[in-house]
Amino acid sequence: MKKRVFSGIQPSGHLHIGNYLGSIRNWVRDLDSRDNIFCVVDQHAITVDYDPSELRANVRELVGLYLACGLDPDKCNLFVQSHIPEHTELAWLLTCVTPMGWLERMTQFKDKVGSKRERVGTGLFTYPTLMAADILLYQSHEVPVGDDQKQHVELTRDIAERFNHKFGEVFVVPEPVIPEVGARIMGFDDPTVKMSKSAEGQHHSVALLDDLKKARKTIMRAVTDSGRDIVFDPERAGLYNLLSVYQALTGQSRDEIATHFEGKGYGDLKKEVAEAVIAEIEPIQARYRELTADPSHIDGVLAQSVANLRPIVDQTMDAVRRAMGHR
Ligand code: TYM
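Structure (structure tokens):
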């Protein structure tokens, strides 16, 4: 039996090279060895202020990118979260077994809420229980994500264990799977902050659908330091970030990379990183244009996955409702 994998991305901006290296690329690599479920988590994207028509467009774009990046619909189920209403039903049920203290410890909430605590929607706080519902609904074994989501998957484990302890063994307890390279790509304009879809700066990230000239410019302008030698040193955040992108894309070892760049300067490194990024995203862009030319194909893929997933959803929800005394 293949292990079941579940993961998702928020349609809350344009997918960037950090998202790609931290998540989607690894899903594509392991397609054949897993039973795969990938979701566009549109109900997570409404936990902060948003524009409904923009959300609709972002969902379409992200589904198109899933396919263009190589998530072959013959090898995975690929759907939009809000098309399966049980995600929110299960999220409510899990909210009732999740202590406030557990949610208060979530670093992403603390980062996002800042000084606006009294004004943000409650959904931003309970968001990790919706994420737990996404994962547990499908009895998933593995959750391949970037480093920033590890704490949420660990919380999901705690929620599953608590539920199983209180109500009987209903859920598989999932494992986070974090890539060795590329799990935390930093902003090109500021290597001390994580690359993010919502950051403002024009040269913060490279989006998969960015104009290639702009992508190159962003990398050539990447913030580094005044050093010269090209070595993997986490203290030199900008350099380390560029080398990590290069390592993730080329698959070379750190030693090979250090030897390759011996005697070369930051300008050469940036040029080669830009080449590697463009070589990766150019074909994705071409496939994206082809695929999105036929929206009915994409609608068909989404509907088929929802139909495929229905029996798993019904089975889990039946067990949950019985265990909790609703049936
Ligand atoms: P999201 O949409 O912020 O990010 C999607 C994926 O990209 C990874 N990622 C990164 N990896 C490397 N470097 C970065 N700078 C970087 N930024 C983001 C994330 O770790 C993630 O894997 N809550 C989730 C979405 C979600 C989910 C789920 C994931 C909802 N339900 C169930 C897995 C399972 C999120 O906001 O990811």
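Numbering (the numbering used here), first residue to last: 3 to 329. A virtual CB, placed ideally from N, CA and C, is assigned to each residue, including glycine.
Check                                                                                                                                                                                                      : Outcome
Based on the DSSP secondary-structure assignment, which residues constitute the bridge partners of residue 5?                                                                                              : 36
Along the chain, where does the beta strand (DSSP E) containing residue 315 start, and where does it finish?                                                                                               : Premise fails: residue 315 lies in the alpha helix (DSSP H), 297-326, not in any beta strand (DSSP E).
When you compare the CB positions of residue 89 and residue 45, do they come within less than 9 angstroms of one another, or not?                                                                          : yes
Can you have a look at residue 102 and say buried or exposed, based on whether 16 or more other CB atoms are within 10 angstroms of its CB?                                                                : exposed
Which residues does DSSP list as the beta-bridge partners of residue 11?                                                                                                                                   : 42
Straight-line CA distance for residue 279 to residue 251?                                                                                                                                                  : 7 angstroms
Would you check if the stretch 212-221 and the stretch 56-64 touch, i.e. whether three or more CB-CB distances between them fall below 8 angstroms?                                                        : no
Alpha carbon to alpha carbon, how far is residue 249 from residue 85? Give it in angstroms, no decimals.                                                                                                   : 37 angstroms
At a cut of 8 angstroms, does the stretch 164-174 reach the stretch 193-201 through at least three beta carbon pairs?                                                                                      : no
Suppose you measure from the CA of residue 52 to the CA of residue 211; what does that come to, to the nearest Å?                                                                                          : 21 angstroms
Determine whether the beta carbon atoms of residue 71 and residue 22 lie at a separation below 9 angstroms.                                                                                                : yes
Compute the distance between the beta-carbons of residue 38 and residue 79, then report whether it is under 9 angstroms.                                                                                   : yes
Please go through the same chain and pick out, in chain order, the residues whose beta-carbon is closer than 8 angstroms to the beta-carbon of residue 260, but skip the five residues on each side of it. : 232, 233, 234
Shortest alpha-carbon distance to residue 110 belongs to which of 254, 126, 290, 74?                                                                                                                       : 126
Whole alpha helix (DSSP H) runs in the stretch 235-273 with 4 or more residues, listed along the chain?                                                                                                    : 239-252, 256-262
Can you look up residue 147 in the DSSP assignment and give me helix, strand or coil?                                                                                                                      : coil
So with Cβ pairs under 9 angstroms, would you call residue 54 a contact of chain C?                                                                                                                        : Considering every chain present, this structure includes no chain C. It has just one protein chain.
Check the C-beta distance from residue 156 over to residue 178 and give it rounded, since I have them as a contact under 8 angstroms.                                                                      : 7 angstroms
What first and last residue would you give for the beta strand (DSSP E) that runs through residue 80?                                                                                                      : 78-82
Which two residues bound the contiguous beta strand (DSSP E) that contains residue 179?                                                                                                                    : 177-179
Quick check: residue 143 and residue 174, are their CB atoms within less than 9 angstroms of each other?                                                                                                   : yes
Whole angstroms is fine: what's the gap from residue 325's alpha carbon to residue 146's?                                                                                                                  : 29 angstroms
Give the DSSP-derived three-state secondary structure of residue 197 in the structure shown.                                                                                                               : coil
If you compare alpha carbons, which of 320, 225, 183, 151 is closest to residue 272?                                                                                                                       : 225
Using 8 angstroms as the cut-off, classify the Cβ of residue 112 as near or not near the heavy atoms of the ligand TYM, replying yes or no.                                                                : no
Give the range of the alpha helix (DSSP H) segment to which residue 55 is assigned.                                                                                                                        : 54-70
For residue 136, is the classification buried or exposed, using 16 other Cβ atoms within 10 angstroms of its Cβ as the cut-off for buried?                                                                 : buried
Looking at the unbroken alpha helix (DSSP H) that takes in residue 88, where does it start and where does it end?                                                                                          : 88-97
Quick one: is residue 123 buried, meaning 16 or more other Cβ sit within 10 Å of its Cβ, or exposed?                                                                                                       : exposed
So, is residue 228 buried or exposed, given that buried needs 16 or more other C-beta atoms within 10 angstroms?                                                                                           : exposed
Please confirm whether residue 244 and residue 66 have their CB atoms less than 9 angstroms apart.                                                                                                         : no
For residue 276, write down the residues that DSSP places opposite it in a beta bridge.                                                                                                                    : Residue 276 pairs with nothing; no bridge assigned.
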